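As given, the protein sequences belong to chains A and B, one line each in that order. When we follow this note's numbering, the leftmost residue of the first sequence carries the number 8, and every step to the right adds one. When we follow this note's numbering, the leftmost residue of the second sequence carries the number 8, and every step to the right adds one. Some notes on the structure that comes next.
There are 2 protein chains.
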Amino acid sequence: MSKELKNIMLGHGSGGKLSHDLIDSLFAYHFKNEILDQQSDSAIIELNGDKLAYTTDSFVVDPIFFPGGNIGNLAIAGTVNDLAVSGAIPQYISVGFIIEEGFPFSDLEKIVVSMAEDAAEAGVKIVTGDTKVVDKGKCDKVFINTSGIGVLKDSYIHISSGKNITPGDKIIINGSIGDHGMAVMAARNELNIQTHIESDCACLNHMIAGALKESDGIKFMRDATRGGLGTVLSELVNNGNYGISIEEEKLTVHENVRGLCELLGFDPLYVANEGKVVMVVASEDADNVLKVLKESPFGKEASIIGEISSSYDGTAWLETNVGGKRIIDMLSGQQLPRIC
Amino acid sequence: MSKELKNIMLGHGSGGKLSHDLIDSLFAYHFKNEILDQQSDSAIIELNGDKLAYTTDSFVVDPIFFPGGNIGNLAIAGTVNDLAVSGAIPQYISVGFIIEEGFPFSDLEKIVVSMAEDAAEAGVKIVTGDTKVVDKGKCDKVFINTSGIGVLKDSYIHISSGKNITPGDKIIINGSIGDHGMAVMAARNELNIQTHIESDCACLNHMIAGALKESDGIKFMRDATRGGLGTVLSELVNNGNYGISIEEEKLTVHENVRGLCELLGFDPLYVANEGKVVMVVASEDADNVLKVLKESPFGKEASIIGEISSSYDGTAWLETNVGGKRIIDMLSGQQLPRIC
């Protein structure tokens, strides 16, 4: 960690460069072990000879209710999706609530009902939990942590690391980008924004299982949450001996999302999604996978947005609509705090 | 949940009666499934035919540093102990940090180092994690959630439910009560207390594994954390067709802990511990188990404190030093907020 940084800043929770530095210099350094070193969405662990995926996330979104969902939906979808993108079948979820004294029961119940509904739809069981209450003013309404466990087939273990990726593979995303982040921004009290943007928050495990059933050529998956699509692509090239080329015209950004991004000065590439998976798929399987994704309610706008290339070694490039090219780098600051 | 309670109160996080009501009426009601219904320290789950224990806890202790430990020690010990008292061998831990903007790196590093040391000593690996940062004033310094997974032998599955408990079984605790809660109270800024009380925070898994190796007669275990020994005993009789009789003179309460409890009006029976396990052991095995516990650095003051009785049906009784008897009931309010 850079010596001049003495205190934690919002950017350390952004999922971007500062987060990576904190993880590398502090958490991965002191907690060091061969499983944590993988730094994938889910840890791949072995118990009694079986492979499992195991993951955790805390949710501190502000506001806790927004168009298209609430903090409870995020808490289930976030963990279900982290397991699913590792190629695992999500099975069991733990839930830890930290609640501010005075928080209305009725709001807590709405959140809990949303979690129960999402868990049922995703086919996961919430099997263990914990509740802490802190004095008024010592947390912001409610924070939720979930962890999750899924069963992983041996044949899918390469998906977490993406080690089978080769030039020519296609990059697919299951729809538009930036909806979640802009929905949350628009819902913030201090902004008086009329546009209605809905979060894309969704459990993607059934759609992903369908794609895995269709094709053996899915070589990597990651959900593009904090840090958005840009951060996923940037992390991907950092881990491999290849480049990435993305065609801007293939990216779907809804008009109201684009408008709000322009108004606030955000780049949709780096805005959070909560129902989007980025897949790297063998070229010959890409159309079949795309077809399966489009059959899901969460994949109607799926598209092939680019490919793995050998020419742009170690860099992700965006081929812009106007014929230019720009590097897709890791976010260096904090674009949107408390978005999930 | 009682209709007149419209808002969450500190007591809902106490581990006492209000916590139980909240769990029953909200979480267990909406998340309902046969595993969650067990409501034990760890969920017993099955994956690929193997039995695993799975648990989670959030830690919000105030202050985060106190004599004998810090929030990081609690976060590892709490989860390791929840797995161990289920009879499981703790294996993997997840960690989620929620950090307040401006929190000093140096403090975070101290906490992380404590966690790494405890994990190494307990023989568990921290394999997955998450970091969120919230704006200054939106949480109190740092909150930590841990979840954990352990492997459970089929022959120990009865320990979580205590279904093999019968009258005559002995009740053992591995030492003094009330140290953690009073150490944290004494460390609070608003109190100007000179007495030095150390938290008993410790990972008990190796000591517990030693006891399980010694005896097949361990019928139930629980760590006496929030709500203290009194709450564990009260929960135990609520679940069974027997009573409990505890001899007050067999309980160890250190002099400085007793003094501070008297000063502040607390009952040591209900004060939190973070390194104490309550065991129910077949009468003929009790002395052997006691001997094994006493060999551990965390069990030097272990003692048999009472027994399961058929005469006090459904009630836990304390036989007091002065020859009287009083019921050990569930804590109805909140004795000590943010103690873990």
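C-beta: ideal position from N, C-alpha, C; glycine also. The model shown is predicted, which means the values in this text are computed figures rather than measured ones.
For residue 258(A), the three-state secondary structure derived from DSSP is coil. If you compare the alpha carbons of 161(B), 174(B), 99(B), 327(B) with that of residue 318(B), the shortest gap goes to 174(B). No Cβ of chain A is located within less than 9 Å of the beta carbon of residue 73(B).
Using a Cβ-Cβ distance cut-off of 8 Å, the segment 133-151 of chain A and the segment 132-148 of chain B are in contact, since at least three pairs of beta carbons, one from each stretch, lie closer than that value. Per DSSP, residue 234(A) lies in no alpha helix (DSSP H) segment and is marked neither H nor E.
Residues of chain B whose Cβ lies closer than 8 Å to the Cβ of residue 134(A) are, in chain order, 40, 42, 43, 50, 52, 61. For the pair of segments examined, the segment 189-206 of chain B was found not to touch the segment 184-202 of chain A: the number of CB pairs separated by less than 8 Å stays below three.
Around residue 236(A), the same chain offers 184, 276 as residues with beta carbons nearer than 6 Å, after the five sequence neighbours per side are excluded. Classified as buried, residue 135(A) has 16 or more neighbouring CB atoms from the shown chains inside 10 Å of its CB.
Using a Cβ-Cβ cut-off of 9 Å, residue 146(B) is close to 67, 105, 141, 145, 146, 147, 150 of chain A, given in chain order.
Counting along the chain, no beta strand (DSSP E) covers residue 173(A), and no H or E run does either. When the Cα atoms are used, residue 294(A) and residue 270(A) turn out to be separated by approximately 36 Å.
Neighbourhood of residue 109(B) in chain A, by CB distance below 9 Å: 14, 15, 16, in chain order.
Straight across, the Cα-Cα distance linking residue 167(A) with residue 36(A) is about 21 Å. Three or more beta-carbon pairs separated by less than 8 Å link the segment 227-247 of chain A to the segment 319-336 of chain A, which places the two stretches in contact. Looking at the DSSP output, residue 128(A) sits in no beta bridge, so it has no partner there. Every alpha helix (DSSP H) stretch that sits fully inside the segment 20-54 of chain A and reaches 4 residues is listed by chain position as 24-29. Judged by beta-carbon spacing, residue 309(A) lies within the 9 Å limit of residue 181(A), meaning their Cβ atoms are closer than that value. Within chain B, the C-beta atoms nearer than 7 Å to that of residue 34(A) come from 119, 136, in chain order. Taking the Cα positions, residue 79(A) is about 14 Å away from residue 138(A). Counting along the chain, the unbroken beta strand (DSSP E) around residue 60(B) starts and ends at 57-66. DSSP places residue 323(B) in the strand class (E or B) of the three-state scheme. Around residue 206(A), no beta-carbon contact reaches into chain B at under 7 Å, the shortest distance being about 18 Å. Per DSSP, the continuous alpha helix (DSSP H) segment holding residue 192(B) begins and ends at 186-194. It is roughly 32 Å from the alpha-carbon of residue 46(A) to the alpha-carbon of residue 302(A). Put simply, of 170(B), 102(B), 205(B), 126(B) the residue whose alpha carbon is nearest the alpha carbon of residue 154(A) is 102(B). Listed along the chain, the chain B residues whose CB falls inside 8 Å of the CB of residue 344(A) are 140, 141, 142. Listed in chain order, the non-local C-beta contacts of residue 152(B) below 6 Å within the same chain comprise 65, 103, local neighbours out to five positions each way being set aside.
Excluding the 5 residues flanking it on each side, residue 219(B) has same chain C-beta neighbours closer than 8 Å at 94, 163, 225, in chain order. A distance below 6 Å between beta-carbons, with the five flanking residues on each side excluded, links residue 83(A) to the following residues of its chain, in chain order: 122, 125, 126. For residue 217(A), the enclosing alpha helix (DSSP H) starts and ends at 212-221.
In the structure shown, the three-state DSSP call for residue 161(A) is helix. In its chain, beyond the 5 residues on either side, 21, 22, 279, 346, 347 have a beta carbon closer than 7 Å to the beta carbon of residue 233(B).
The CB of residue 158(B) comes closer than 9 Å to the CB of 54, 55 in chain A, given here in chain order. At a beta-carbon threshold of 8 Å, the residues of chain A lying near residue 64(B) are 103, 137, ordered along the chain. Under the 9 Å criterion on CB atoms, residue 122(A) is classed as interfacial with respect to chain B.
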